[in-house]
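Going line by line, the protein sequences match chains A and B.
Numbering-wise, this note's numbering puts 422 at position 99 of the first sequence, and it's gapless, one number per residue.
Numbering-wise, this note's numbering puts 395 at position 387 of the second sequence, and it's gapless, one number per residue.
For each residue, glycine too, the CB sits at the ideal point set by N, CA and C.
Structure first, then comments.
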Amino acid sequence: MSGVARAPSVDAAPAPFPYDGPAALRQPIIDALEQVVDPEVALNIVDVGLVYGVSVDATRLHVRLTMTSAACPVVDVIIDDVERELDRVLPAGLRIEVELVWEPAWTAERMSEGAKRFMGW
Amino acid sequence: MATPQRVRPAARRAPSRPALAVALRALSIAAVAASLLSGIAGGLLRVGVVLPSTDDAPWLAQAGMQHAALMICGFLGTVIGIERAVAVKRRLAFAAPLASALGGVCLLLGRVGPGARLMLLAALVFVAVNGVVVARQRAAHTWLLLVAALAWLCGCALFALQGGQGDAVAAALPWWFAFLVITIAAERLEMTRLMRRGPAMQALLGGVLLLMLAGAAWSTWLSAWSPAVGGLLFGASLSLLAAWLAVFDIARRTVFARGLSRYMAVCLLGGYTWLAVAGAAWAGSAYGLPLRDAALHALGLGFIVSMMMGHAPVILPAVARVKLQFGALFYLPLLILHGSLALRLGAGLADVAMRAVGAVGNAAAIAAFVLTVIGAAFVWQFHHGASRAAEVIR
């Protein structure tokens with residue numbers, strides 16, 4: 324193992340989603356998830372508010388992710404992209420688990436300020 | 009000490025592919041291609057253009073007669089059926105696209121009755137699949153997807169009742185187009201959730217789509233009473249929908265993004281323009297103006313195919329597991345499509361020869377798009393295959 328100590332995140336800016344794991348991994352994980360873009364809306368999944376939370380322990384990283392629609396055919400593509408981007412920044416040996424959740428349902432309130440500005444709020 | 013292996017969910021999720029599934033998949037792809045290619049050949053035949061080496065092919069006359077059924081049910085219905093089946097992740101859901109794909113082949117072989125019944129079966133299964141979607145997420149856009157499926161069912165029932173012969177296509181057309189247009193409207197409504205929405209927006213869309221269904225219903229059941237009203241209602245609803253999309257759709261915002269997002273928005277906004285034209289032409293045609301070709305193709309090609317060209321780069325990776333490298337070249341088929349359509353509906357209105365030239369351009373646009381997609385898949389493989397190899401070497 325890479326020996327990353329598990330510690331609560333104490334950085335200045337709050338994470339855009341609940342994060343429970345080593346502080347050292349927090350920003351790389353956020354950056355990686357921000358690489359996953361839904362081209363239809365020209366926004367990344369963090370800004371749209373699709374990431375419900377990330378937790379990291381000694382053996383695994385668990386992402387809770389939602390979609391805006393149950394009829395969305397690109398779910399698997401987005402999940403693949405999430406896995407690929409996380410794979411690039413995480414220490415080897417950490418298992419990546421992406422869980423698709425529908426509760427609570429996504430609402431536009433979850434969007435970042437930047438995303439809302441882009442959409443003309 | 010050996011580095012522990014990372015266990016990635018993708019590896020665990022990788023589906024095993026039994027031989028039957030692979031065979032059905034290959035069969036579906038071949039059948040979709042048959043519907044698309046023969047549908048295009050049939051469309052060209054209708055404007056008097058016979059492709060080389062097809063002039064005495066027995067399927068060509070069928071393709072000419074069943075052009076709309078091949079394009080809407082055999083091709084688009086199958087593609088949408090696959091897209092929805094992928095989303096609900098139920099194996100049985102693939103029965104819908106399988107049936108519509110085979111239905112297209114039957115039509116080509118001159119087995120019109122069985123072909124029409126297969127389309128009906130496809131629509132029935134598709135309604136059930138959309139019922140599953142609604143059960144999973146009760147939202148305005150999922151209900152609309154179900155309404156769209158019911159419109160397809162209604163069109164296919166009319167088509168099958170008349171055995172696919174005579175005026176069967178004309179009877180089914182408003183319903184088939186309602187299926188496609190309401191499907192698109194539902195998906196665009198879902199996207200508006202990212203914008204600040206007033207309460208009137210959803211109600212307005214509901215009103216417009218009710219008008220569309222009323223127009224289709226009038227055309228089907230009340231045309232003996234007053235033949236023009238159905239076409240007028242249907243056409244008005246198309247133009248009103250174009251206005252709704254122009255005001256509320258996110259494409260107005262995403263056109264200011266870059267790359268693929270901007271390209272998709274350009275496809276959408278171009279499509280909305282043709283939707284408005286289609287509405288006016290549909291209503292005019294109902295009052296006896298020679299605008300039927302314009303109405304059907306502004307809608308089918310200008311709106312729906314333009315929309316399809318915009319979404320293929322994101323849908324294909326999802327349904328066919330093929331990744332595409334987006335590039336500026338994607339704009340070329342789009343340009344050919346809209347340019348040739350302008351020719352067909354402009355100069356082609358008075359001049360049959362120009363209409364044929366425009367139609368050839370329409371077909372060329374779709375061919376250029378298919379080539380662009382194939383090229384984009386190779387370019388992606390080239391780039392990412394190379395980077396993966398580099399990772400392994402490192």
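query	result
For Ala7/B, collect the residues of the same chain with a Cβ closer than 7 Å to its Cβ; drop the 5 residues on either side in sequence, then sort them by chain order.	No information on residue 7/B is available, as it lies outside the stretch 9 to 402 that chain B covers here.
For the candidate residues Ser245/B, Leu379/B, Ala361/B, whose alpha-carbon lies nearest to that of Leu53/B?	Ala361/B
Which residues does DSSP list as the beta-bridge partners of Gly376/A?	Arg387/A
Of all the residues that make up the region 339-365 of chain B, which are near chain A by a beta-carbon distance shorter than 8 Å?	none
Quick one: does Ser392/A have its CB under 8 Å from some CB of chain B?	yes
Could you tell me the distance, in whole angstroms, from the CA atom of Gly47/B to the CA atom of Gly171/B?	19 Å
Residues bridged to Ile80/B by DSSP?	According to DSSP, which records beta bridges pairwise, Ile80/B is partnered with nothing at all.
Could you please give the first and the last residue of the uninterrupted beta strand (DSSP E) stretch that includes Ile419/A?	418-423
Between Leu283/B and Ala259/B, is the Cβ-Cβ spacing less than 8 Å?	no
Alpha carbon to alpha carbon, what distance is there between Leu202/B and Glu436/A?	12 Å
Tell me which same chain residues have a C-beta within less than 6 Å of the C-beta of Trp160/B, skipping the five on either side of it?	Ala131, Phe187
In chain B, which residues lie with their C-beta within 7 Å of the C-beta of Pro396/A?	Glu91, Val94, Ala95, Ile323, Ala326, Val327
By Cβ distance below 6 Å, which residues in the same chain neighbour Ser227/B in space, the five residues on each side in sequence not counted?	Pro182, Gly238
Mind reading off the beta-carbon distance from Leu158/B to Val135/B? Whole number of angstroms is fine, and I expect it under 8 Å.	6 Å
Can you tell me the Cα-Cα spacing of Gly354/B and Arg363/B, whole angstroms?	8 Å
Residues of the region 359-372 of chain A in Cβ contact with chain B at a cutoff of 9 Å, in chain order, please.	Val360, Asp361, Pro362, Glu363, Val364, Ala365, Leu366, Val371
Using CA coordinates, which residue listed in Ala232/B, Gly163/B, Gly287/B, Trp252/B is at the minimum distance from Met209/B?	Trp252/B
Considering only the alpha carbon of each residue, which of Gly267/B, Leu299/B, Ala34/B, Ala306/B lies closest to Ala286/B?	Ala306/B
Can a CB atom of chain A be found closer than 8 Å to the CB of Leu154/B?	no
Residues of the region 252-272 of chain B with a CB closer than 7 Å to any CB of chain A: list them in chain order, please.	Ile258, Arg261, Thr262, Ala265, Leu268, Ser269, Met272
Let me see if you follow: with CB-CB separation under 8 Å, is Gly393/B close to chain A or not?	no
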